[in-house]
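**Q**
Residue numbers (our numbering), protein chains in the order written: chain B, 26 to 292; chain C, 196 to 775; chain X, 58 to 357.
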C-alpha cells in the first residue's frame, strides 16, 4: 500500500504539472502596455511554485516508499543536518525567493497604481450597477456633466442621472452600453458604483479593480491590439452577477471616431 | 444521573467533544449535499434536479435552480463548512475531548462554560439552517457578506433581508460559543497541567489547540461586533456600512455616512486568522498521528511549536491580501503583501520538518497515517498556490477567479478534512473502545485522495484562464470552453461525495460492532493512552492523576514495553532523543 | 331583491331555478340582476292588480304571456344584459413634441441584441403614434362603479411575457385578484421584480425564471395604478401592471381605447400614463349606449 501511495502521489504530481507546462489553460493573451511585468511575475512565480511543488511531492513520495513497512531490527535515523538545516533551507531557499518575488513584483504593481495617467489620456467613465456596466464619454467639450443620483432612471435609460436640461456640460455627454476605445491611446477610466460593490475585470487588459460604493476610483491603461473583449464583474453583487458583462472594442482611431459619432446620434 | 444530565446537558468535556463531533458530522453532510447541488447546476445549468423545489419556495421553479438559489446554496455551503465543520471538528470536537486528558486533568476548569459553548454553537447552527425556511430564503452574499449588498436590506435581492439578519445572528451566536470554548482551552493548557507536565512536554496536538484558542479569542471577538453592526444596519436604520447616494431598482436609498470597506477590514481581520484556526489543529493532529506511526519524534518539537505560533501571530498582519484590488490604498496592498510572503516561511518550515522527520522513520501504514500523509500532500499543493495570491500584481489576474477557490479548498478545506479523518481513525478506539474497519478506511482514503485532487486541481487552471468565481452559469462568451471542465469536476465531486458515505457507515458500524480495542492500540506515548479504561472514565484518570516523567514523543528507545516510553511511565529511558 | 349574487341563486316566485340564468358571465357585472328582477316584480305587480278586480281566469292569457316573457328574460339573461350594458370609448392624444425616446443597447445580452438588430427598440416612457395618439395609457373607472361590478373578477388569465428582453405587453391591466401568468420566452434567465408602493397593501416580490421554468401564476390583492415591473438582470426592461376594479382598457398606437361591459351609471373615468400621470373625467353611460371620453396630454 505504501508503494502504491507513493506512485499515486508521483502520478498526480506529474498529471497536475502537464497542463501548466503545456499552457493548456493559461492567461489570456496580453493586449496591454503594462502587462509585461505582470506576466513575467506570473512565469517566475510559476517556476518557483512549480519547483517547490514538484520537489516536495516527490520527496514525500520517495520517503513514503523508502521508509514504510520497515524490516525487523531496522533502527530509526535522523536526517543529516536535522532541524536547523531545514529551518535554514526554508529561510534561504523559499523565504529569500518569495521575498525576491515580492520586491520585483513591486514594479509590476507600481506600473498600474503608482504611475499617474498622462495628461492626454482619454477619459471614459464607467458606472457599475446591478447588473450592467454603462459608459460615458465627455463629448466635444471634454467635460463630464455632474451626476444626480436621484434622477437615475433605468426605465428612461438615464442611467447616470444626468440633468441634460440644466447642466450644460451634460448636453454633449455620450452614454453607451458598450465600451470602445482607440488602439494605442491611453485611457483614464473613472469608476464608480451606482449601488453595491462590483468589479471591473478584463483579463486581456491585465486590469482588475473593484468598484467601491461611495468612492470614485480610477485606473488607466493602453490597449495595443484591436478586437472585441469582455468586461466581467468579479465582485458578487447579487443574483445577476454572472450575467454582468459589457463588451470592450478596441478599434483604430478612425473607427472609434465614427463609432462615437454614431453613439452621439443615438443619445 | 438522569439521561439528560449525562448525555444532553453534560458537563463532561468528553461528552461535549462528542456532541461537537456529531454537530460537525451533520453540518458536513449538509454542506456536502449543498455542494453537490451547486456542482450539478454548474455543469448542467438548466437541469431540473428532482425534488429541488422542496428546498426553496421560489428558488427552484419546475426544479430548475434560479440564479439566486445557486448563490444562496453557495453561501450556506461555505458558511456551514467554515464555521460548523472546519472550526468545530478539529478544534472544538477533538480539542474538547483530548486536551484535558493530554494535559493530565480531570476536566476543563469551567465545565458550565464548556457545556454552554456547545449548546450556543448548536443554536447558532439551527438559526443558520432556519434561514432556508423564511421568506426569500437564505442570504446570497457569500460567506464574506460584503457590504453594502449585505447591509441595504431586501432591496438588494432575494434573501438579503431576513436571510442576512439570520446569518449575522447565527454567526454572532457562534462567536459567543467559540469565545467560551477558547477561554476554557487556554485556561486548561495554562493552569490544569498535571505534575511534571511542563509546557514543552505537551504533545503537539495540545499546542495546536492552545495556539488556535488564542487566535479564536482575538479573532471571534472582532467578528461578533461586526455582525452586530450589520444587524443594526438592517433593523435599526443605521448606516455603518452603507454610504449615501446609492440607487437600487431606481430607488434612492436612505442611508448615508457608512463605509463599505470597513466591513471588509473587520471581516478579514477575523477571516484570515480563521483559516489558520481551521488548519492549525489539523497540523497538530497530523504531527501527532505521524509521530506515533513513524515510531520517531519530529526532528524538532520546539521548532514546530514556534512555527505554529509564528503562523498565528503573522496571520493578523496579512488579512489585507484579500483586499488587494478592493479599492484600499495600493500602498496598503504592498504592506500586506510582505507579511503574506513571509508567512510562507513558517509554513515551509513545518512541511520540511514533517518531510525531514519521515527520513529514517519506521512508517506504519494504516488509515490514520494515510490521511496524515495525504494532509501533507494537500497542504503542499494548496500552499504553493499561495505564492501567486500573495503578490498584488499577480492577484490582479487571479483575484475572484477559480484559482482562489482551488487554493483555499485544497489548503484549508481538504487538508483540514484529512486532519479530521486522521484524528477520527486514530482516536476512535480511545473514544468508543472499538477499532474502525481498516479496509473500509483505506477505500475511503483512496477515493477521497484521488477524488479531491480530481476536483480541485482543475480549479487552478480554470482560474488562470480567467474563470470568475461565484457565477451560477457561464454565459459569458470566453467562459463557454470551461463548461466541459466543470462537468468533469462535477462527476469527480459526486463520486468523492458518495465515497464519504463509506466513512459514515464505518463510523456507525464500528461504534456498535467494531473489534474491541485495547487501551493503547497504536503504542502511543501521550497521556490519552494512559487512561485506566477505554473509553476513559468520567474523571479521565480514576483516583489518581498521572505524573509526567517524559517528553511527549519518546520513540525509538529501548524500554520494557517496546520501542517507546509513555509520558506517565516512571521508567528511565536509555538513548532518549534530546529535544532541540 | 338583494344584490348579492349568491342570494339570487335560489328558487323564486315562478318556481324557476335562476342559478344558470343569473350566473355572471365574463365581464358582465352582477348588477344586471336588478334588470330581470325589476321586470319580474313589475310583472308581478300588474298581475296582483288584475286579480283584485276581475275573475282570475281573465288574466290567464296575460299571465301566460307575462310568464313566457319572464322566462325569456331569465333564460336569455346574457343577451338582455349585454344589450343593457354600455361602452366607453375614446382617443388619447398627446399635443406637442413627444420627448425623445432613447434607443436601448442590449449588447450585454447578445441573443436579444441580435433579435433587435434590424429594428432597435427604444424606451417606452412615451409612445406616440403617427397621428399624435398616445399608446399604453390605462383607462379605468375610478369612482362610481357599484361594488358588485367592481369586485367581479374576470376568469381569463392574461400573460405577461418576457420576450427578446422586453415585457410584452409593456403595460397590462388586471383586476384585483385576477390571476395572470408571467412567462419567460427567452433562452436565458429573467428576474421579474414588481415594485408596488412601499408600505402599501400589495407586496413586492422578486422571482427568477430560468429557461425552462414554468409560468408564474399569481394575482394582486389590492388596486394600484400602476405597479412598476423591472427585471433585475436586464436593467432596461420596464413594464407596468395596473391593478384595477371593474372594466379597463389600454390604448393602442392610435390612442384608441374601448371599455366594454360598463353598466349604465355615472362614473369618474381615469386615464394613467407612466410619464404624464393621471387625468380624470366624469362620464355617464346609458343602457346599451356608448359614451365617448377623450383625453389630451400635453408634452412638456
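From the three backbone atoms N, C-alpha and C, an ideal C-beta is built for every residue, glycine too.
Between residue 256 (chain X) and residue 279 (chain X), what straight-line distance do the alpha-carbon atoms span, to the nearest angstrom?
**A** Rounded to the nearest angstrom, the two C-alpha atoms are 13 Å apart.
**Q** Which same chain residues, not among the five before or five after residue 50 (chain B), have their C-beta less than 8 Å away from its C-beta?
**A** Only 44 meet the Cβ criterion.
**Q** Which same chain residues, not among the five before or five after residue 369 (chain C), have their C-beta less than 7 Å away from its C-beta?
**A** Taken in chain order, the residues that qualify are 278, 316 and 319.
**Q** Taking only beta-carbon atoms, is residue 557 (chain C) less than 8 Å away from chain B?
**A** Yes, contact with chain B.
**Q** By the 7 Å beta-carbon criterion, what residues does the region 308-325 of chain X contribute toward chain B?
**A** For the region 308-325 of chain X, which is checked against every Cβ of chain B, not one residue is closer than 7 Å.
**Q** Assign residue 224 (chain X) to buried or exposed, taking buried as 16 or more other Cβ atoms, counted over all protein chains shown, within 10 Å of its Cβ.
**A** By the neighbour-count rule (16 or more Cβ atoms within 10 Å), residue 224 (chain X) is buried.
**Q** Taking only beta-carbon positions, decide if residue 203 (chain B) is within less than 8 Å of chain C.
**A** Not closer than 8 Å to any Cβ of chain C, the Cβ of residue 203 (chain B) fails to qualify, so no.
**Q** Would the beta-carbon of residue 321 (chain C) fall within 8 Å of that of residue 340 (chain C)?
**A** Going by C-beta atoms, residue 321 (chain C) is not nearer than 8 Å to residue 340 (chain C).
**Q** Quick one: using the 10 Å Cβ neighbour count with 16 as the cut-off for buried, is residue 99 (chain X) buried or exposed?
**A** Low local confidence applies: a pLDDT of 48 at residue 99 (chain X) is under 50, so the model's placement there is unreliable, with the coordinate-based value given in what follows. Residue 99 (chain X) is exposed by the Cβ-count criterion.
**Q** Closer than 8 Å by beta-carbon distance: list the chain B residues that pair up with residue 682 (chain C), in chain order.
**A** Under the 8 Å cutoff, chain B gives no residues; its nearest Cβ is about 15 Å from residue 682 (chain C).
**Q** Sorted by chain position, which residues of the same chain lie with C-beta nearer than 7 Å to residue 669 (chain C)'s C-beta, five sequence neighbours on each side aside?
**A** The answer, listed in chain order, is 675, 677 and 678.
**Q** Could you check the C-alpha separation between residue 201 (chain B) and residue 518 (chain C) for me, to the nearest Å?
**A** Each residue's Cα considered, the two are about 30 Å apart.
**Q** Give me the chain X residues within the contact set of residue 353 (chain C), using Cβ-Cβ distance strictly less than 7 Å, ordered along the chain.
**A** Going along chain X in sequence order, the residues near residue 353 (chain C) (Cβ under 7 Å) are 263.
**Q** According to the Cβ coordinates, are residue 316 (chain X) and residue 308 (chain X) closer than 8 Å?
**A** No, Cβ-Cβ distance for residue 316 (chain X) and residue 308 (chain X) is not below 8 Å.
**Q** Looking at the strands, I want to know which residues DSSP matches up with residue 150 (chain X).
**A** For residue 150 (chain X), which the question treats as bridged, DSSP gives the partners X:190 and X:353.
**Q** Closer than 8 Å, Cβ to Cβ, to anything on chain X: give me those residues from the region 376-390 of chain C, in chain order.
**A** Against chain X - using a Cβ distance shorter than 8 Å - the region 376-390 of chain C contributes no residues.
**Q** Buried or exposed, going by whether 16 or more other CB atoms sit within 10 Å of the CB of residue 168 (chain X)?
**A** Exposed, since its Cβ has fewer than 16 Cβ neighbours within 10 Å.
**Q** Can you find a C-beta in chain X that's less than 8 Å from the C-beta of residue 444 (chain C)?
**A** Answer yes: the Cβ-Cβ gap between residue 444 (chain C) and chain X drops below 8 Å somewhere.
**Q** When DSSP labels each residue in this structure, what does residue 289 (chain C) get in the three-state scheme?
**A** Three-state result, residue 289 (chain C): helix.
**Q** Using a Cβ distance threshold of 8 Å, determine whether the region 248-264 of chain C contacts the region 293-312 of chain C, with at least three qualifying pairs required.
**A** The answer is no - the region 293-312 of chain C does not touch the region 248-264 of chain C, with fewer than three Cβ pairs under 8 Å.
**Q** Whole-angstrom Cβ separation of residue 218 (chain C) and residue 283 (chain C), contact assumed at under 8 Å?
**A** Indeed they touch by this definition, with Cβ atoms about 6 Å apart.
**Q** Does residue 245 (chain X) have its Cβ less than 8 Å from a Cβ in chain C?
**A** Yes, contact with chain C.
**Q** Let me confirm a value: residue 263 (chain C) is counted as buried when at least 16 other C-beta atoms fall within 10 Å, else exposed. Which label applies?
**A** It is buried - the Cβ of residue 263 (chain C) has at least 16 other Cβ atoms within 10 Å.
**Q** Please confirm if the region 617-629 of chain C is in contact with the region 491-511 of chain C, defined as three or more CB-CB distances below 8 Å between the two stretches.
**A** Judged by Cβ distances under 8 Å, the region 617-629 of chain C makes no contact with the region 491-511 of chain C, as fewer than three pairs qualify.
**Q** Kindly indicate which three-state DSSP category residue 218 (chain B) falls into: helix, strand or coil?
**A** In this structure, residue 218 (chain B) counts as strand in the three-state DSSP scheme.
**Q** Does any CB atom of chain C fall closer than 8 Å to the CB of residue 252 (chain X)?
**A** So yes, residue 252 (chain X) belongs to the interface.
**Q** Using a Cβ-Cβ cut-off of less than 7 Å, give me the residues of the region 160-180 of chain B that come near chain X, in sequence order.
**A** If the cut-off is 7 Å between Cβ atoms, the region 160-180 of chain B has 179 and 180 near chain X.
**Q** What do you get for residue 601 (chain C), buried or exposed, if any count of 16 or more other CB atoms within 10 angstroms of its CB means buried?
**A** The residue is buried, with at least 16 neighbouring Cβ atoms inside 10 Å.
**Q** Expressed to the nearest angstrom, what Euclidean distance is found between the alpha-carbon atoms of residue 644 (chain C) and residue 81 (chain B)?
**A** Between residue 644 (chain C) and residue 81 (chain B), the C-alpha separation is close to 17 Å.
**Q** Whose C-alpha, out of X:283, X:285, X:301 and X:262, is nearest the C-alpha of residue 275 (chain X)?
**A** Nearest C-alpha to residue 275 (chain X): X:262.
**Q** Kindly indicate if chain C contains any beta-carbon less than 8 Å away from that of residue 266 (chain X).
**A** It does; some Cβ of chain C falls within 8 Å.
**Q** List in chain order: all unbroken beta strand (DSSP E) runs of 3+ residues lying wholly within the region 260-319 of chain X.
**A** Complete beta strand (DSSP E) runs here, min 3: 264-266, 273-275, 281-288, 295-301, 305-307 and 313-319.
**Q** Would residue 613 (chain C) and residue 646 (chain C) be called neighbours here (beta carbons separated by less than 8 Å)?
**A** In this structure, residue 646 (chain C) does not lie closer than 8 Å to residue 613 (chain C) by Cβ.
**Q** Which runs of the alpha helix (DSSP H) fall wholly inside the region 714-741 of chain C and span at least 4 residues, in chain order?
**A** None, since the region 714-741 of chain C contains no complete alpha helix (DSSP H) of that length.
**Q** Measuring alpha carbon to alpha carbon, tell me which of C:245, C:375 and C:767 ends up nearest residue 412 (chain C).
**A** Minimum Cα distance to residue 412 (chain C) is reached at C:375.
**Q** Out of X:219, X:272, X:199 and X:233, which one is the CA nearest neighbour of residue 293 (chain X)?
**A** Closest option to residue 293 (chain X), Cα to Cα, is X:219.
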